[in-house]
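Chemist: Protein chains in written order, with this note's numbering: chain A, 49 to 329; chain B, 46 to 342; chain C, 9 to 476.
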Amino acid sequence: MARSLRWRLLLGLLVLLVSLWSLFPFLWYFLVSLTLPGSIPRSLALPSTLTLRTYAAVLFGGGYVDVGTKVSIIPNVINSVKVAGMTVALCLALSVGAAYVFSRFRARALRVAFNGLLIVRMTPGVSLAVPIFLMMTQYRLVNTHVGLALVHTLLSLPLAIWLMKGFFDTIPPELEEAAAIDGASLLVALRRIVLPLAAPGVAVTACFVFLASYVEFMFALILSRGGINTLPLAIAGYKSEHQVFYNEMAAASFISMIPLALFFFFVGRSMVSGLSFGALK
Amino acid sequence: MTTAGMGSRNRAVVAVLLALPLVYLLLVYIYPIGQLLYLSFRDLEPAYDTDEFIGLGNFFEIFGRSDGWGHVLRSFLYTGICVSASFVLGLAFALLTTAVEEAFAWPLHTALRQVIITPMIFIPAAAGVMWTFAYTEHYGWVNHLLALLGLSTYPWLVSSAAFYLVMLTDIWGWTPFMYLILLAGLQSLPREPLEAARVDGAGTWESFWHVVLPMLRPVILIALTIKTLDTYRAFDYLWIMTQGGPGTISTTLTIATYKTAFMELKLGKASAYGLVTMIFPLVVVNVYLAFAQRREA
Amino acid sequence: MSRYAWFRSRGWSGGVVALGLAGVLSVGWISPVGASSIQGTFPPLKAGKPYNGVTITVPSQAGWASFKPAVDLTPRFEELTGIKVKYDMIPGGEIPSKQLLEVSQRTGAYDVVQQHGISFGAFFRYLQPMDDRIKDVWGSVDKFEEYFFPAQHGVKGKDGKHYFIPFHANVQIGYYRRALLEDAKEKAAFKAKYGYDLTPPTTIKQVEDIAAFFTRPAQNMYGLTANWGGGQGFGAFMHYYYAAGHDQLDENLRPTMKAGKGREDAIRIVRWMQEAVYKQKFVNPDSVNFQTGQVSDYFLSGASALAFGWLSDYWVFMQKPENIKQVGPVGAFNFPSFTGSEKGGYASWWMMGIPKDAKNPDAAWEYIKWVLNKSPQVEMAAGQLPPMKQLAYETAVKPGGQNPPPLYDAFKAARIMIQVPEMSQQPRTKGIELYTALIANKLSAEQFVDEYAAETERTLERAGYYKK
């Protein structure tokens with residue numbers, strides 16, 4: 049039955065349906081990104097002209113219409129990258145060591161602490177919104193990259209520790225024990241032996257932390273006063289109080305897809321399933 | 046390893062490595078939680094320069110005039126529907142992928158996998174605006190399709206369907222996540238039990254129900270827990286697509302908290318909302334931990 | 009007695025003295041005050057760059073077309089005064105909350121606040137009173153108020169002092185497609201059907217008839233499109249309610265919508281809005297989601313004959329032939345009152361104030377004065393009405409102006425929407441929430457009006473306005 053023609057046809061049909069479900073919503077939006085402002089068709093038809101000028105406008109600024117300000121999203125991309133970069137640096141600095149300790153040591157206190165991380169991860173961000181906002185205002189961190197990075201680090205810290213603990217778990221402790229016998233201190237063993245072996249795992253964790261910060265919307269919305277608008281805010285910002293810039297919005301949306309697409313393409317299925325298990329442990 | 050046989054220097058290192066994130070959490074998590082508790086019982090409104098203790102006043106207002114029970118209900122409705130639907134769909138997609146892998150010699154299943162995870166590649170904010178656009182009357186493809194079929198167009202996001210449409214977007218966007226976890230789970234299952242069941246004469250459906258699913262249970266449980274708690278605090282889609290409207294039709298606890306804090310500027314009441322929003326995740330996590338401890342014991 | 013009688017009673021000598029005084033005073037009013045101001049500026053900027061090198065932080069609305077000329081011309085200000093301006097472009101919906109949260113924490117991050125008139129209530133307790141600065145420029149508070157439209161008089165703190173200076177004014181008006189309303193064939197058909205001539209509407213009945221006449225599903229066309237979505241929609245309702253002759257609060261500060269003629273008219277108006285979309289269907293369904301930008305968009309695509317909203321932003325844009333290829337020439341009309349009242353609708357203001365904890369309050373004042381100058385006001389007039397009577401007249405009524413005359417007429421009589429400061433957060437937020445349910449046809453007209461009136465009363469009661 050596995051390879052009968054009827055079965056294959058049925059599967060083929062299902063594959064088609066699933067593809068429609070996943071891809072069709074993008075189609076119209078993509079067409080819109082290829083049209084000029086003001087020329088979106090009012091029925092399901094191909095636009096009269098397809099052009100890349102909207103993409104150019106979104107990337108390099110300049111507009112076609114006198115009304116509204118059309119500026120490049122490059123500054124927003126830079127903001128996103130800055131914040132995400134800071135988040136990765138801070139998050140890894142805080143979590144690598146702790147993950148190692150969780151991986152190598154088995155004390156009850158550690159188990160409790162590890163479970164405590166679960167609570168941190170599951171706390172709704174919005175619950176912390178008011179206190180964090182007040183704290184950020186007090187220390188003049190509103191509308192700064194550092195401020196937002198501090199919040200993103202909090203949001204990603206539990207996951208980072210989990211992931212890396214998982215990766216450390218796959219490295220046999222014999223090597224460190226051998227190093228210990230040779231008289232190396234823990235720090236040296238960590239630096240010279242374990243980290244190089246865990247480097248791929250650290251890299252993957254860094255990717256996930258980066259992505260989490262890159263797509264984050266709520267705290268960016270809360271903490272930005274325009275100065276640190278990240279890419280998600282810029283995209284949502286095309287839908288303003290006065291007007292909606294559909295074409296630019298579409299173009300920016302597809303541009304924002306690139307890092308994620310690259311990630312999934314290169315990192316591949318194995319890493320993703322590794323993530324799933326790492327997250328689940 | 047234990048710290049028993051370690052030198053004091055190494056022990057210090059261990060302590061420092063643990064202390065780093067601990068101190069950070071103290072500052073950026075524990076302290077704000079404390080403030081949350083403190084502020085929940087106060088009336089803090091910058092617009093009127095008030096800052097005073099009012100006991101349970103915020104909570105009475107939330108569950109009285111402000112339709113707090115409605116927000117709780119909608120949070121649960123949103124979570125329940127989105128999680129179940131994306132679970133069922135994710136499982137269906139995973140099974141489809143496995144079936145396709147077996148049925149076709151060429152790697153159609155790889156292409157299928159790429160296609161299925163595409164919605165997840167669009168950042169939530171972009172997906173939110175894309176779907177908002179899709180539902181507009183004179184530019185969106187949903188209404189265009191309806192017009193093509195001769196039906197009348199409809200302002201979807203300003204109607205009672207709005208809440209369910211946001212759920213649909215959430216399902217569309219997050220099914221790939223469930224799909225990947227379930228697919229990985231399915232593909233790491235040992236073959237023997239399944240083959241044994243087949244040999245015993247079990248049909249496809251039975252072997253699925255009684256063999257595959259039970260083996261997948263740990264994976265399913267954890268995936269559901271994570272997804273439930275993530276969906277419960279969902280913000281992006283709801284805010285971008287309806288801002289909790291029309292009226293309060295799509296206002297969940299998360300949206301209500303945000304609106305109370307940053308639009309009504311009632312920081313005390315918003316803290317109370319935040320506290321209420323935390324109850325469900327705390328309960329779930331504790332249940333999960335108790336369950337996990339029991340199984341390990 | 010009249011001024012003329014006063015002159016007569018004092019004899020001619022008294023009259024000459026009075027005239028002379030008037031002359032001196034007016035000269036003093038027009039020419040720069042003192043020699044230490046920059047020539048040709050009014051309000052006068054200090055000469056000699058006393059604040060050279062100072063940087064001020066000014067929050068403004070992201071994507072705001074009407075203010076863009078001022079932003080573009082800011083280098084000129086920096087040149088004149090040596091003061092550097094740093095703009096924080098905040099998304100529109102968050103302007104009140106983001107600025108208020110900042111200012112209330114007294115961080116000194118902003119030197120100026122830019123707010124819409126309806127939010128003034130939440131701010132004035134954090135701002136510096138401006139009366140002394142006003143007297144510096146205009147000589148007296150009365151002259152200052154005379155300089156601007158009447159609606160400005162309502163925007164004062166509880167102590168009667170001014171905390172805000174207006175720099176932008178607007179009111180909602182209607183646009184129409186001249187190619188349709190002036191077309192001979194259409195006119196004949198209209199006259200045949202309704203029995204009177206087709207002209208830009210001056211009564212609500214005419215709006216209904218014209219909109220119904222031009223609703224043609226076969227051509228994908230509706231009669232009227234309006235900014236009836238969300239907060240703007242609530243503002244549209246308020247405009248109609250005010251233009252019907254009501255304020256929100258009566259002389260005892262009770263909501264006029266609670267009972268009597270106010271309640272009756274309010275219900276009538278929102279029911280009209282609901283039925284226009286769902287029953288009569290001469291308003292396109294998506295209007296319940298529209299902000300003014302989308303109204304303009306929709307109107308320009310030829311999909312409606314009439315449009316309503318904050319359309320002044322687009323007047324200049326719509327005078328250019330290349331932008332109106334699909335619709336032809338555009339005309340403007342003052343949206344009629346539901347009751348025929350002479351009173352105006354909802355006056356929208358944008359204003360600037362100086363926070364108490366501003367780091368550079370005097371430099372900030374120079375900036376505010378500069379924004380009120382003829383340049384950039386005239387450049388900004390491409391998308392707004394200058395809030396000064398004289399300049400508004402010149403840009404809207406005199407030939408060659410950048411604004412349509414109906415805009416001036418509509419604003420002249422318009423009134424400010426918030427009468428007491430406490431109304432700016434609640435009940436307005438609740439009102440908008442109720443409105444979104446109403447315009448989605450999920451709430452009846454009576455429910456909307458009664459709940460909004462109740463919320464208003466509750467808010468004022470809590471603020472202590474009703475002394476038993």
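By construction, the Cβ of each residue, glycine as well, lies at the ideal position given by its N, Cα and C atoms. Predicted, not measured: the structure shown is a model, and the values here were computed from it.
If we count the other Cβ atoms within 10 Å of its Cβ and call it buried at 16 or more, is Q302 of chain C buried or exposed?
Modeler: For the purposes of this step, residue 302 of chain C is taken as residue 294 along the third sequence, with counting starting at 1. Burial call: buried.
Chemist: Return the first residue and the last residue of the alpha helix (DSSP H) that K397 of chain C is part of.
Modeler: On the third sequence, residue 397 of chain C is found 389 positions in, with the first residue counted as 1. Note, K397 of chain C: alpha helix (DSSP H), K397 to A404.
Chemist: Do we get a CB-CB distance below 8 angstroms when we pair V63 of chain A with the residues of chain B?
Modeler: Along the first sequence, one-based indexing puts residue 63 of chain A at 15. So, interface residue.
Chemist: Quick one: list the residues of chain A neighbouring P293 of chain C, beta-carbon separation under 9 angstroms, in chain order.
Modeler: Sequence index remark: in the third sequence, residue 293 of chain C carries index 285 (1-based). Within chain A, no residue comes near P293 of chain C; the closest Cβ sits about 14 angstroms away, beyond 9 angstroms.
Chemist: Going by beta carbon distance, what residues of the same chain come within less than 7 angstroms of P208 of chain C, once the five residues before and after it are set aside?
Modeler: As a position in the third sequence, residue 208 of chain C is number 200, starting the count at 1. Once the five neighbours on either side are set aside, the close Cβ partners of P208 of chain C are Y184, L189, G339 and F341.
Chemist: For Y318 of chain B, I'd like the list of residues in its chain whose CB is within less than 7 angstroms of its CB, leaving aside the five on either flank, ordered along the chain.
Modeler: On the second sequence, residue 318 of chain B is found 273 positions in, with the first residue counted as 1. I107, L298, A301, T302 and T305.
Chemist: Enumerate, from N- to C-terminal direction, the unbroken alpha helix (DSSP H) stretches of 4 or more residues contained entirely within the segment 223-271 of chain A.
Modeler: Whole alpha helix (DSSP H) segments, 4+ residues: 234-237, 243-263 and 266-271.
Chemist: Could you tell me which chain B residues have their CB closer than 8 angstroms to the CB of V428 of chain C, listed as they occur along the chain?
Modeler: Mapped onto the third sequence, residue 428 of chain C falls at position 420. None at all; the shortest Cβ gap to chain B is about 12 angstroms.
Chemist: Once you ignore the five residues that flank R273 of chain A on each side, which residues in its own chain have a CB closer than 7 angstroms to its CB?
Modeler: By 1-based counting over the first sequence, the position of residue 273 of chain A is 225. Excluding sequence neighbours, R273 of chain A sits near V190 and N191.
Chemist: Assuming M97 of chain C contacts A70 of chain C (C-beta within less than 8 angstroms), just tell me the rounded distance between them.
Modeler: The sequence position of residue 97 of chain C within the third sequence is 89, counting from 1. The sequence position of residue 70 of chain C within the third sequence is 62, counting from 1. Sure, about 4 angstroms apart at Cβ, within 8 angstroms.
Chemist: Look at M281 of chain C and I447 of chain C and say whether their C-beta atoms are less than 8 angstroms apart.
Modeler: By one-based count along the third sequence, residue 281 of chain C stands at place 273. By one-based count along the third sequence, residue 447 of chain C stands at place 439. In contact: M281 of chain C and I447 of chain C (Cβ atoms closer than 8 angstroms).
Chemist: Determine the closest residue to T467 of chain C out of C:G61, C:G352 and C:G129, with distance taken between C-alpha atoms.
Modeler: The residue you call residue 467 of chain C lines up with position 459 of the third sequence. Ranking the options by Cα distance to T467 of chain C, first place goes to C:G129.
Chemist: Nearest-angstrom Cα distance between L259 of chain A and S105 of chain C?
Modeler: Along the first sequence, read from residue 1 onward, the residue named residue 259 of chain A stands at position 211. Along the third sequence, read from residue 1 onward, the residue named residue 105 of chain C stands at position 97. When rounded, the distance between both Cα atoms is 29 angstroms.
Chemist: My understanding is that L283 of chain B touches V211 of chain B, with C-beta atoms under 8 angstroms, so please give their C-beta distance in whole angstroms.
Modeler: Taking the first residue of the second sequence as 1, we reach residue 283 of chain B at position 238. Taking the first residue of the second sequence as 1, we reach residue 211 of chain B at position 166. With a Cβ gap of about 6 angstroms, L283 of chain B and V211 of chain B count as contacting.
Chemist: For the beta strand (DSSP E) containing T143 of chain C, list its first residue and its last residue.
Modeler: On the third sequence, position 135 is the one that residue 143 of chain C refers to. According to the sequence provided, residue 143 of chain C is Lys. The question's Thr does not apply to it. Taken as a continuous stretch (DSSP letters only), K143 of chain C belongs to no beta strand (DSSP E), being part of the alpha helix (DSSP H) at D139 to W146.
Chemist: Going by the DSSP bridge assignment, what does E90 of chain B pair with across the sheet?
Modeler: In the second sequence, residue 90 of chain B corresponds to position 45, counting from 1. Looking at the DSSP assignment, E90 of chain B forms a beta bridge with B:T95.
Chemist: Who are the neighbours of A92 of chain B on chain C, taking C-beta pairs under 7 angstroms?
Modeler: By 1-based counting over the second sequence, the position of residue 92 of chain B is 47. Near A92 of chain B (Cβ distances below 7 angstroms), the residues of chain C are L108, A130 and Q433.
Chemist: Closer than 8 angstroms by C-beta to G231 of chain A: which residues in its own chain qualify, once you throw out the five before and the five after it? Chain order, please.
Modeler: Position 183 of the first sequence, counting from 1, holds the residue named residue 231 of chain A. Taken in chain order, the list of residues that qualify is empty.
Chemist: I need the boundaries of the alpha helix (DSSP H) containing R56 of chain B, first residue and last residue.
Modeler: Working through the second sequence from its first residue, we reach residue 56 of chain B at position 11. R56 of chain B -> alpha helix (DSSP H) spans S53 to L70.
Chemist: Mind the definition here: the segment 250-257 of chain A touches the segment 148-162 of chain A only if three or more C-beta pairs lie below 8 angstroms; say whether that holds.
Modeler: Counting Cβ pairs under 8 angstroms, fewer than three are found: no touch.
Chemist: Fully enclosed by the segment 334-388 of chain C, which beta strand (DSSP E) runs are 3 residues long or longer?
Modeler: Complete beta strand (DSSP E) runs here, min 3: 338-341 and 354-361.
Chemist: Would you say G109 of chain A reaches chain C, if we count a Cβ-Cβ gap shorter than 8 angstroms as a contact?
Modeler: Walking along the first sequence from the start, residue 109 of chain A turns up at place 61. Chain C, which has no Cβ nearer than 8 angstroms to the Cβ of G109 of chain A, makes this no.
Chemist: Could you give the C-beta distance for I166 of chain B and V66 of chain A, rounded to a whole number, given that I count them as a contact under 8 angstroms?
Modeler: Translated into the one-based positions of the second sequence, residue 166 of chain B becomes position 121. Translated into the one-based positions of the first sequence, residue 66 of chain A becomes position 18. Wrong, their Cβ atoms sit about 16 angstroms apart, outside the cutoff.
Chemist: If you measure from the CB of G214 of chain A, is any heavy atom of the ligand GTP nearer than 7 angstroms?
Modeler: Ligands displayed in this structure: none; no statement on the ligand GTP is therefore possible.
Chemist: G472 of chain C to D167 of chain C, Cα distance in whole Å?
Modeler: Counted from its first residue, the third sequence places residue 472 of chain C at position 464. Counted from its first residue, the third sequence places residue 167 of chain C at position 159. Looking at the two C-alpha atoms, the distance is approximately 16 angstroms.
Chemist: Could you spell out where the beta strand (DSSP E) holding F175 of chain C opens and where it closes?
Modeler: Residue 175 of chain C sits at position 167 when you count from the first residue of the third sequence. I173 to N178 is the span of the beta strand (DSSP E), which, as asked, contains F175 of chain C.
Chemist: What does a CB cutoff of less than 7 angstroms around S269 of chain A pick up in its chain, not counting 5 residues either side in sequence?
Modeler: As a working note, residue 269 of chain A is residue 221 in the first sequence. As written in the sequence, residue 269 of chain A is Leu, which differs from the Ser given in the question. Correct list, in chain order: L281.
Chemist: By DSSP, does H124 of chain C sit in helix, in strand, or in coil?
Modeler: Mapped onto the third sequence, residue 124 of chain C falls at position 116. DSSP places H124 of chain C in strand when its eight states are reduced to three.
Chemist: Under 8 angstroms: do the segment 263-273 of chain B and the segment 142-154 of chain B share three or more Cβ pairs, one atom per stretch?
Modeler: Verdict: no, contact absent.
Chemist: Closer than 8 angstroms is the cut-off here; do at least three beta carbon pairs connect the segment 372-390 of chain C with the segment 43-59 of chain C?
Modeler: Result yes; three or more Cβ-Cβ pairs closer than 8 angstroms.
Chemist: At a Cβ cut of 7 angstroms, what residues of the segment 84-101 of chain C count as close to chain A, listed as they run along the chain?
Modeler: Cβ contacts with chain A come from D96, M97, I98, P99, G100 and G101.
Chemist: Closer than 8 angstroms is the cut-off here; do at least three beta carbon pairs connect the segment 54-72 of chain A with the segment 135-147 of chain B?
Modeler: Touching, yes, given that three or more Cβ pairs across the two stretches are closer than 8 angstroms.
Chemist: Can you give the beta carbon distance from M359 of chain C to Q136 of chain C, rounded, assuming they're within the 8 angstroms contact cut?
Modeler: Your numbering for residue 359 of chain C matches position 351 in the third sequence. Your numbering for residue 136 of chain C matches position 128 in the third sequence. 14 angstroms between Cβ atoms; not a contact.
Chemist: Taking C-beta pairs closer than 9 angstroms, name the residues in chain A that N228 of chain C reaches, listed in chain order.
Modeler: The residue labelled residue 228 of chain C in the question sits at position 220 within the third sequence. Those are R90 and S91, listed as they occur along chain A.
Chemist: Less than 8 angstroms between the C-beta atoms of F86 of chain B and G100 of chain B, yes or no?
Modeler: Stepping through the second sequence from its first residue, residue 86 of chain B is reached at position 41. Stepping through the second sequence from its first residue, residue 100 of chain B is reached at position 55. Yes.
Chemist: Comparing C-alpha positions only, which one of C:H170, C:F131, C:R133 and C:P158 sits nearest to S148 of chain C?
Modeler: Here residue 148 of chain C refers to the residue found at position 140 when the third sequence is read from its first residue. S148 of chain C has its Cα closest to that of C:H170, out of C:H170, C:F131, C:R133 and C:P158.
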